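Below: the structure, in structure tokens.
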Amino acid sequence: MITSPSYQAYKALFHSQYNDLCNYAHSFLKDDAAAEDVVQETFIKLWEKHRELIGIPNIKAYLFRAVRNNSISALRKLNTEEAGNKGFEWISDISEDPGAREIENAKPYYGQLIHEAIANLPPQCREVFTCCRLNGMTHQQTALKLGLSAKTVENYMGRALKLLRKYLQQYGLPVGILFLLKLFFPL
């Protein structure tokens, strides 16, 4: 394998483009380690698909586009993780905060706001949201129960979460609280 012509071409391509691709990924990610990870993952995927890409006319353009797309995906993943962590940081800070008792006493108020937010959802969104988030059903199970397609359930869930975030942000509640619905609505 190491002496095969395709491996030698891959190795030469890696060495000639690695630094430029890392710099390009860094322009998106602003983090050297993350940029290197993206470029290395791109080259791994390239090697896994190298037989399919033999006839590609401009491999350099392909690599730059792949690194750009993978960088954007990495940023999305990072933003999603950070948004989720903010809600958990808010809950974990309660025990260390001097006003923790006030926040703890406000939990029924938060529960009431969440309940109002769910009640204000359009009927079909509310039913899908209740099945998926509060009853713990999968999209497929909810689709079977309500006579909808799984894609329709997915669309209703996206719409419900968007509306709930908007409603809760009006009252200054962290969006991460949606991950903690089971605390406010135990089954």
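Mapping the sequence shown onto full-length UniProt numbering, position 85 (from 1) lands on 85, and the numbers just tick up by one.
Glycine included, C-beta positions come from ideal geometry on N, C-alpha and C.
Since we're looking at a predicted model, the values are computed, not measured.
Opening and closing residue of the alpha helix (DSSP H) in which residue i lies
i	result
L163	150-170
P123	123-129
T142	139-146
Residue of the options minimising C-alpha distance to residue i
i	options	result
L164	F14, H50, T42, N120	N120
L168	H139, H115, T142	H115
Y156	A61, C131, E48, Y18	C131
P123	A160, M137, L144, K145	A160
W71	C22, L146, K151, T152	The amino acid at residue 71 is misidentified as Trp; the sequence shows Ser. Ranking C22, L146, K151, T152 by Cα distance to S71 puts C22 first.
R133	G158, S16, P5	G158
T42	K30, Y10, D31	Y10
D31	L78, N135, E52, N58	L78
Y7	A34, D20, Q40, L46	L46
I118	P5, I59, K162, Q17	K162
K64	S16, E48, A33	Note that residue 64 is Phe in the sequence shown, not Lys. The shortest C-alpha separation from F64 is found at S16.
A35	D20, K151, K49	D20
K166	L113, K145, S149	L113
H50	F14, L29, S27, L144	F14
F28	R76, P5, G147, L144	R76
C-beta atoms of residue i and residue j nearer than 7 angstroms
i	j	result
A12	V67	no
V38	A74	yes
H139	E154	yes
TODO: Jot down the residue ranges of each uninterrupted alpha helix (DSSP H) in the UniProt domain "RNA polymerase sigma-70 region 2" (13-78), minimum 4 residues, whole runs only, in chain order.
DONE: 32-48, all fully within the UniProt domain "RNA polymerase sigma-70 region 2" (13-78).
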